[in-house]
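Peer 1: I am attaching a structure below and will ask some questions about it afterwards.
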Amino acid sequence: MKRKLILAVMAPFALAACMDASAPKKMTESDLPDISADRIRAHLEFLADDVMQGRNTGSDEYMIAANYVATHYKMMGLKPGGENGSYMQHVAFSSFQPSSKESSLVMSAGGKDMDLAHGKDFAFIPSIVKPVKAVSATKVTFVGYGTTKEVEGLDLTDKVVVYLSGKRSDIKGASAKIMLKTAAHEKRSAYAGYAGYYGRKSLSMLKPDGSPFGGDDGSLSTVFLSLDATNKLLAAAGQKMEDLEKAAKADVFKASTFDVNIDLKTKVDVAETVKSPNVVGILEGSDPVLKDEYVVITAHLDHVGEGKGNCAKRAQDTSKEGDMICNGAMDNASGISTMLEAARAFSNDEKAPKRSVMFIALTAEEKGLLGAQYYVNYPTVPLKSLVANVNLDMPILLYDFADVVAFGGEHSTMGEIASKALSKLGVTLAEDPMPEERLFTRSDHYRFVQKGIPSVFLMSGPNEVGKPEGEGLKTFRKFLATNYHSPADDLFQPIRWDVAAKFSMAKYLIIKAVANADQKPLWYKDSEFGTRFAPDAEKAENPAKVEKAEKE
């Protein structure tokens, strides 16, 4: 009761603070918009307050945040873009968690039995399609890293397969696949991360008819072994990791089998169904033809909640005086707040952009990009009318950025458009400073990419104004190490509100340029994503490739 009372008292003041400052003069097309650091601060301080309890997907606090966003859409005059004439697109989820008590893995080889404990020794990908599963075998088939090339032509039907960690596997038809942890991969991606991620209470998205979403039919059990469990298994089976790695790296890989008895039992506890909405508002375009095309702006509204799930370990490590709330100030109240201010600036422009602009506050990004996945599969406008996506996730507003990164900009003409737009602000477009992290595949925009829609993911860049090269990236990495998904990502960080306004201005300029361009964004001909997800779409030449060819 106390929480709800506080929220009920706070919300009108937060809204009023924004309303009082939200009626500047209409801006002409040549003007830069009135972007207010104070308005962004009002949004962010409301969304990242302790009383919001980390905005976990499906929580009451998330719903309050969703209503807050919808109210601001309405104040701006954005049209409802959700269901039944509302701003909400409701997404249903089934809540579930693996049962450690009723999940077991017993392996025996060379006369040695190994009774492995769920969590400590092994983890598995839970399925709500078949919550209870059992798999037994007397032999296992080794398929290297399990890549498409290695498993091509193999009949793995109903077999138990083991494969090495470190590459993307493409194993189909087996009854179970068991990942053997290599020492090198453990250094890059510790087993503890797998155990925590797949062992937590989580959500599985449901279709509108209530059935599970996705291609999982429950037939394949996917298991991850710890490094210690891997070493014990190989020792008992008379195998050496170096021999397996050598075989996997051979020019011509040949699958092999070895004798191991497997008895796997997994159970998933499926609980209640919860709903959590995407919040959709539309600024209608001014061109009679192009207004039927949409530039989609996304930012996830959810975070990870309080001392449980993704937040638990970091809360224990970083909490002070019992603070167990992961507020998500940078992740992603900053993205939502700067999106709202950019949307307000558009609503005050004298003339709307040629194309319509759709603003979506997405749910369940932290659960696996689920809100975005739901939207692109059940869009509220025709999917073919979505011509571009600009995604905003975790801009680090702790330093004055000299550049902006548009992850994915090198794959389509959106990079060129963004670079020209940013020049008006005296900001440059930086290359991806962390290509090894493959960030272009790790936020909500990627669900749009998978539908063939050119997309960029905007973040503050690696360089700081007036500082040596790379200082901004150092701040970003420090945030990841100490504040990310922890109670330290709160309002006590040294947030630069002037930088927040600058970032909102940057995204406004990019969005406006995309929405007003004569030609909708096109994938480059040499883009792996364009080739894979939009094979028949019109493509453009990559200017960087053309320039390189001319020099040669």
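Count the sequence shown with mature numbering (1 follows the signal peptide of the UniProt record, and there is no 0) and you get residues -16 to -1, 1 to 536, in order. No residue lacks a Cβ here, since even glycine has one placed at the ideal position from N, Cα and C.
1. Rounded to the nearest angstrom, how far is the Cβ of R184 from that of Q37, given a contact under 8 angstroms?
2. Please state the DSSP three-state secondary structure of K486.
3. Could you tell me the distance, in whole angstroms, from the CA atom of S188 to the CA atom of Q357?
4. When you compare the CB positions of I380 and T459, do they come within less than 9 angstroms of one another, or not?
5. Got a sec, what are the start and stop residues for the beta strand (DSSP E) N262 sits in?
6. Any idea what DSSP makes of V127, helix, strand or coil?
7. Give, in chain order, every unbroken run of the beta strand (DSSP E) that is at least 3 residues long and sits entirely within the region 133 to 178.
8. In chain order, what are the residue ranges of uninterrupted beta strand (DSSP E) at least 3 long that sit wholly in the region 370 to 403?
9. If we ignore side chains and look at the alpha-carbon of each, how far apart do A160 and G450 end up?
10. With 16 other CB atoms within 10 Å as the buried threshold, where does A7 fall?
11. Could you pull the start and end residues of the beta strand (DSSP E) that T55 belongs to?
12. Please report the distance separating the alpha-carbon of A484 from that of D333.
13. Check this for me: beta carbons of I401 and A518, under 9 angstroms apart or not?
14. Cα separation between R23 and V498?
15. Would you kindly check if the distance between the Cβ of M308 and the Cβ of N467 is under 9 angstroms?
16. Touch check for the region 257 to 268 and the region 94 to 107: three-plus C-beta pairs under 8 angstroms?
17. Below 9 angstroms between beta carbons: does that hold for K133 and S203?
18. In this structure, how does DSSP classify L354 when only helix, strand and coil are distinguished?
19. Take every Cβ of the region 474 to 482, pair it with every Cβ of the region 404 to 416, and state whether three or more of those distances are shorter than 8 angstroms.
20. Would you kindly report the start and end of the unbroken alpha helix (DSSP H) that includes V273?
21. Taking C-alpha atoms, which residue in D193, T282, D387 and H169 lies nearest to Y430?
22. Tell me the residue span of the beta strand (DSSP E) that contains E74.
23. Going straight from the alpha carbon of F487 to that of T322, what length do you get?
24. To test your reading of the DSSP string, which unbroken beta strand (DSSP E) runs of 3 or more residues are found completely within the region 205 to 238?
25. Can you list, in chain order, the residues of its chain whose CB lies under 6 angstroms from that of N526, leaving out five sequence neighbours each side?
26. Under DSSP, the alpha helix (DSSP H) around I24 begins and ends at which residues?
27. So A317 and L28 are in contact, right, with Cβ under 8 angstroms, and what is the actual spacing, rounded?
28. Considering only the beta carbon of each residue, do G137 and G222 sit closer than 9 angstroms?
29. Checking 9 angstroms against the spacing of the C-beta atoms, do L267 and V365 come in under that value?
30. Give every residue of the same chain whose Cβ lies closer than 7 angstroms to the Cβ of K529, excluding the five residues on either side of it in the sequence, and list them in chain order.
31. Please report the Cβ distance between T125 and K143, rounded to the nearest whole angstrom; I am assuming they are in contact, meaning their Cβ atoms lie under 8 angstroms.
32. Are the CB atoms of L148 and A213 nearer to each other than 9 angstroms?
33. Identify the continuous beta strand (DSSP E) that holds V440 and give its terminal residues.
34. Between G454 and D387, what straight-line distance do the alpha-carbon atoms span, to the nearest angstrom?
35. For residue 537, which option in D235, T250 and L228 has the closest C-alpha, if you only look at C-alpha atoms?
36. By Cβ distance below 7 angstroms, which residues in the same chain neighbour K238 in space, the five residues on each side in sequence not counted?
Peer 2: In brief:
1. The residue labelled residue 184 in the question sits at position 200 within the sequence shown. The residue labelled residue 37 in the question sits at position 53 within the sequence shown. Between Q37 and R184 the Cβ distance is about 17 angstroms, and since that is not below 8 angstroms, they are no contact.
2. Start at 1 with the first residue of the sequence shown, and residue 486 comes out as number 502. Here DSSP, grouped into helix, strand and coil, assigns K486 to helix.
3. Looking up residue 188 in the sequence shown gives position 204. Looking up residue 357 in the sequence shown gives position 373. Cα to Cα, S188 sits roughly 12 angstroms from Q357.
4. What you label residue 380 is simply residue 396 of the sequence shown in a count that begins at 1. What you label residue 459 is simply residue 475 of the sequence shown in a count that begins at 1. For I380 and T459, yes; Cβs fall inside 9 angstroms.
5. One-based indexing of the sequence shown puts residue 262 at position 278. Looking at the DSSP string, the run of the beta strand (DSSP E) that includes N262 is S240 to L267.
6. On the sequence shown, position 143 is the one that residue 127 refers to. V127 falls in the coil class under three-state DSSP.
7. Segments of the beta strand (DSSP E) lying fully in the region 133 to 178: 144 to 148 and 160 to 164.
8. 370 to 376 and 387 to 391
9. Start at 1 with the first residue of the sequence shown, and residue 160 comes out as number 176. Start at 1 with the first residue of the sequence shown, and residue 450 comes out as number 466. Going by the C-alpha atoms only, they are around 55 angstroms apart.
10. Counting from one through the sequence shown, the residue named residue 7 turns up at place 23. Confidence in A7 is poor, its pLDDT being 46 and thus under 50, which makes the residue's placement too unreliable to answer from.
11. Counting from 1 along the sequence shown, the entry for residue 55 is found at position 71. From DSSP, T55 is part of no beta strand (DSSP E) but of the alpha helix (DSSP H) over D44 to M60.
12. Position 500 of the sequence shown, counted from the first residue, corresponds to residue 484. Position 349 of the sequence shown, counted from the first residue, corresponds to residue 333. Going by the C-alpha atoms only, they are around 20 angstroms apart.
13. Here the question's residue 401 lines up with position 417 in the sequence shown. Here the question's residue 518 lines up with position 534 in the sequence shown. The criterion of a C-beta distance shorter than 9 angstroms is not satisfied by I401 and A518.
14. For the purposes of this step, residue 23 is identified with residue 39 of the sequence shown, where counting begins at 1. For the purposes of this step, residue 498 is identified with residue 514 of the sequence shown, where counting begins at 1. Roughly 25 angstroms between the two C-alpha positions.
15. The residue given as residue 467 occupies position 483 in the sequence shown. The residue given as residue 308 occupies position 324 in the sequence shown. No. Outside cutoff.
16. no
17. Your numbering for residue 133 matches position 149 in the sequence shown. Your numbering for residue 203 matches position 219 in the sequence shown. No, these two residues do not count as a Cβ contact at 9 angstroms.
18. By one-based count along the sequence shown, residue 354 stands at place 370. Three-state result, L354: helix.
19. No, because fewer than three Cβ pairs between the region 474 to 482 and the region 404 to 416 fall closer than 8 angstroms, the two stretches do not touch.
20. Residue mapping note: residue 273 aligns to position 289 of the sequence shown, counting from 1. That residue, V273, is in no alpha helix (DSSP H); it is neither H nor E in DSSP.
21. On the sequence shown, position 446 is the one that residue 430 refers to. Ranking the options by Cα distance to Y430, first place goes to T282.
22. Counting from one through the sequence shown, the residue named residue 74 turns up at place 90. As written in the sequence, residue 74 is His, which differs from the Glu given in the question. From DSSP, the beta strand (DSSP E) with H74 extends over M72 to P82.
23. Within the sequence shown, the letter at position 503 stands for residue 487. Within the sequence shown, the letter at position 338 stands for residue 322. The alpha-carbon atoms of F487 and T322 are separated by roughly 7 angstroms.
24. Listed in chain order, the complete beta strand (DSSP E) runs (minimum 3 residues) inside the region 205 to 238 are 205 to 209.
25. Counting from one through the sequence shown, the residue named residue 526 turns up at place 542. If you ignore the 5 residues before and after N526, its C-beta comes within less than 6 angstroms of the C-beta of Y508 and D510, all in its own chain and listed in chain order.
26. Here residue 24 refers to the residue found at position 40 of the sequence shown. DSSP places I24 inside the alpha helix (DSSP H), whose first and last residues are A21 to L31.
27. The residue you call residue 317 lines up with position 333 of the sequence shown. The residue you call residue 28 lines up with position 44 of the sequence shown. So it is a contact: roughly 5 angstroms between Cβ atoms.
28. Along the sequence shown, one-based indexing puts residue 137 at 153. Along the sequence shown, one-based indexing puts residue 222 at 238. Cβ atoms of G137 and G222: not closer than 9 angstroms.
29. Translated into the one-based positions of the sequence shown, residue 267 becomes position 283. Translated into the one-based positions of the sequence shown, residue 365 becomes position 381. Against a cut-off of 9 angstroms, the Cβ pair of V365 and L267 comes out as no contact.
30. If you number the sequence shown from 1, residue 529 lands on position 545. Excluding sequence neighbours, K529 sits near D510.
31. Within the sequence shown, residue 125 is the residue found at index 141, counting from 1. Within the sequence shown, residue 143 is the residue found at index 159, counting from 1. About 5 angstroms; that satisfies the 8 angstroms criterion.
32. The residue you call residue 148 lines up with position 164 of the sequence shown. The residue you call residue 213 lines up with position 229 of the sequence shown. No; because the gap between Cβ atoms is not below 9 angstroms, this pair is not in contact.
33. Residue 440 sits at position 456 when you count from the first residue of the sequence shown. Looking at the DSSP string, the run of the beta strand (DSSP E) that includes V440 is S439 to S444.
34. Sequence index remark: in the sequence shown, residue 454 carries index 470 (1-based). Sequence index remark: in the sequence shown, residue 387 carries index 403 (1-based). Computed Cα separation, rounded: 11 angstroms.
35. In the structure displayed, the chain extends from -16 to 536; residue 537 sits before or after that span and is not available.
36. Numbered from 1 along the sequence shown, position 254 holds the residue referred to as residue 238. Within the same chain, K238 has no close Cβ partners at all.
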